[in-house]
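Below is one structure; the comments refer to it alone.
Residue numbers (the UniProt record's numbering): 1 to 193.
What follows is the structure, encoded as structure tokens:
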């Protein structure tokens with residue numbers, strides 16, 4: 001998906017290819033990604049601390065507030081490709097770590113915080129232009145969970161990655177179904193006699 005968006009001038013102007021690569025690499029919620037600052041990232045260690053989310057609050061506008069639960073606040077190891085992408089972004093900013101500090105990691109095209117709702121609309125338009133109008137940011141979260149499951153990682157690990165308190169949410173909503181040998185076929189053989 002990132003590759004498709006990297007040829008779309010509108011998507012590039014809205015800085016969507018890196019955002020999509022980031023979401024695909026982390027499984028973060030769109031609000032969490034929009035609420036990240038540079039000081040939440042340790043490029044040397046390759047880690048990211050999720051501690052806030054950008055949300056629109058009636059009467060206040062766009063605010064960045066703490067995650068809803070203790071589980072939502074988490075430190076995660078980033079894939080190498082994501083660290084490389086963030087290093088490239090840091091180099092393009094041409095700023096020291098101290099200068100980047102509290103600035104948004106993935107800012108709006110004109111600077112400042114990204115509005116998750118506006119960003120969702122931009123992404124929907126970009127995905128539709130790429131012929132993938134079925135893709136949403138939750139598709140990336142589900143993909144992360146499913147890939148973790150297929151790699152043999154526990155549903156607890158997937159829940160932790162996604163910031164879910166209960167593994168049931170991860171299992172019921174996010175993990176893809178596989179063809180399973182439930183044992184039913186062998187038991188039901190008796191019906192053939």
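We treat Cβ as the ideally placed atom computed from N, Cα and C, and that holds for glycine.
Residue 123 to residue 16, Cα distance in whole Å?
7 Å
Which residue's Cα is closest to the Cα of residue 79: 161, 35, 13?
It is 161 whose Cα lies nearest to the Cα of residue 79.
By how many angstroms is the C-alpha of residue 130 removed from the C-alpha of residue 243?
An answer regarding residue 243 cannot be provided, because it is not within the stretch 1 to 193 covered by the chain.
Every unbroken alpha helix (DSSP H) within the segment 117-186, with a cutoff of 4 residues, ordered by chain
137-150, 155-162
Could you give the residue range of the beta strand (DSSP E) that holds residue 190?
Per DSSP, residue 190 is not a residue of any beta strand (DSSP E), being assigned neither H nor E.
Let's see if you can read the secondary structure: which residues bound the alpha helix (DSSP H) around residue 25?
16-26
Distance check for residue 141 and residue 37, CA to CA, integer angstroms please.
20 Å
Spatial neighbours of residue 57 within its chain, please: CB distance less than 7 Å, with the 5 preceding and 5 following residues excluded, ordered by chain position.
63
Since residue 51 contacts residue 66 with CB under 8 Å, what's their CB separation in whole angstroms?
7 Å
Buried or exposed: residue 18, going by 16 or more other Cβ atoms within 10 Å of its Cβ?
Using a 10 angstroms sphere on the CB of residue 18, the tally of other CB atoms reaches 16 or more, which defines it as buried.
Given a threshold of 16 other Cβ atoms within 10 Å of its Cβ, counted over all protein chains shown, does residue 115 qualify as buried or as exposed?
buried
Can you tell me where the alpha helix (DSSP H) with residue 81 in it begins and where it stops?
80-93
Delimiting residues of the alpha helix (DSSP H) encompassing residue 3:
2-5
What are the boundary residues of the alpha helix (DSSP H) that residue 31 is part of?
30-34
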